[in-house]
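Chemist:
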Amino acid sequence: GSATSRNGLHPSLDPLIWVMLLAIVVAPLVLGWLLRPGPRRLLLAAAGLAVLMSLQHLALGSELQRFVKNPRSSPRLAAAREIVALVPPDAPLAVTSQVGILVPMRQQLYHFPGNSSYDPALVARARYIIGDRQRDDDRENGDIQQLVASGQWRIIAEKNGFVLLEPQGR
788 GSATSRNGLH PSLDPLIWVM LLAIVVAPLV LGWLLRPGPR RLLLAAAGLA VLMSLQHLAL
848 GSELQRFVKN PRSSPRLAAA REIVALVPPD APLAVTSQVG ILVPMRQQLY HFPGNSSYDP
908 ALVARARYII GDRQRDDDRE NGDIQQLVAS GQWRIIAEKN GFVLLEPQGR
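In the working numbering, the protein residues as written are 788 to 957.
Okay, structure coming up:
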């Protein structure tokens with residue numbers, strides 16, 4: 788990953804963005820020519836699409852690409868599991884999306900910190916919050932700091948960037 792990617796797991800888009808923009812502009816012209824009748828042109832069109840899809844994986848990253856580069860599980864995975872294990876299985880929980888898949892289903896499960904399609908006010912219903920200080924170029928870290936600074940939440944555990952919070956006074 789790189790420092791300029793959203794979560795440090797994907798390569799930077801800076802050098803590849805121009806290639807992708809060029810492909811978006813040129814692809815319809817080339818594909819229009821290639822899709823004219825003829826088996827050779829159809830084969831070239833399929834090869835062109837494969838190249839464009841490969842460029843997309845290079846620019847945006849993919850789970851397969853990360854696995855091929857490093858087949859071991861992320862060192863942060865163990866830390867995330869340890870933090871999740873501290874939360875009672877029936878407790879209302881707000882959790883960052885990267886850890887949500889590790890959380891056992893429960894009746895009250897909320898997305899932290901919320902976004903344009905998910906009301907951040909729902910986080911207040913949680914009894915615990917699991918956040919990730921390293922997510923989204925540290926923007927989620929700012930959300931965590933804001934909760935702690937409000938005096939309404941306190942950090943009860945932290946490991947490898949993952950943070951478990953509970954309301955003050957519990």
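All C-beta atoms in this analysis are idealised placements derived from N, C-alpha and C, irrespective of residue type, glycine included.
Could you check what DSSP says for Ala833 in three-state terms: helix, strand or coil?
Modeler: Three-state DSSP puts Ala833 in a helix.
Chemist: Of the choices Ile943, Asp877, Leu836, whose alpha-carbon is the least far from that of Val817?
Modeler: When only C-alpha atoms are compared, the closest one is Leu836.
Chemist: Look at the alpha carbon of Ala908 and the alpha carbon of Val838, and state the distance between them as a whole number of angstroms.
Modeler: Rounded to whole angstroms, Ala908 to Val838 spans 43 Å at the Cα level.
Chemist: Beta carbon of Ala866, beta carbon of Asn928: below 8 Å?
Modeler: No, these two residues do not count as a Cβ contact at 8 Å.
Chemist: Between the C-alpha atoms of Leu952 and Ile917, what's the straight-line distance to the nearest angstrom?
Modeler: So the two alpha carbons sit approximately 6 Å from each other.
Chemist: Let me make sure I understand the geometry here. Which of Asp877, Leu934, Asn902 has the alpha-carbon closest to that of Gln955?
Modeler: Comparing Cα positions, the closest option is Leu934.
Chemist: Using CA atoms only, rank isn't needed, just tell me which of Pro862, Leu896, Arg863 is closest to Ala878.
Modeler: With distances taken between Cα atoms, Ala878 lies closest to Leu896.
Chemist: Secondary structure at Pro798, three-state DSSP: helix, strand or coil?
Modeler: Its pLDDT being 48, under 50, Pro798 is placed unreliably by the model, and the measurement read from it follows with that caveat. Pro798: coil per DSSP, three-state reduction.
Chemist: Checking the sheet assignment: what are the DSSP bridge partners for Pro747?
Modeler: Here the chain covers residues 788 to 957 and nothing more, so residue 747 does not appear.
Chemist: Report the three-state DSSP secondary structure of Ile916 (helix, strand or coil).
Modeler: Strand.
Chemist: Quick check on the DSSP output: the alpha helix (DSSP H) that includes Leu864 runs from which residue to which?
Modeler: 862-872 is the span of the alpha helix (DSSP H), which, as asked, contains Leu864.
Chemist: From this set, Leu809, Leu873, Ser860, which residue's C-alpha is nearest Gln843's C-alpha?
Modeler: Considering only alpha carbons, the answer is Leu809.
Chemist: Which residue comes first and which comes last in the beta strand (DSSP E) that contains Val882?
Modeler: Its beta strand (DSSP E) spans residues 880-882.
Chemist: Tell me the DSSP secondary structure of Asn947 in three-state form.
Modeler: Correct three-state label for Asn947: coil.
Chemist: Excluding the five sequence neighbours on either side, which residues of its own chain have a C-beta within less than 6 Å of the C-beta of Arg863, listed in chain order?
Modeler: Only Asn947 meet the Cβ criterion.
Chemist: I need the DSSP call for Asn1005, collapsed to helix, strand or coil.
Modeler: Lying outside 788 to 957, the shown extent of the chain, residue 1005 is not represented and no answer is given.
Chemist: According to DSSP, is Leu889 helix, strand or coil?
Modeler: DSSP places Leu889 in coil when its eight states are reduced to three.
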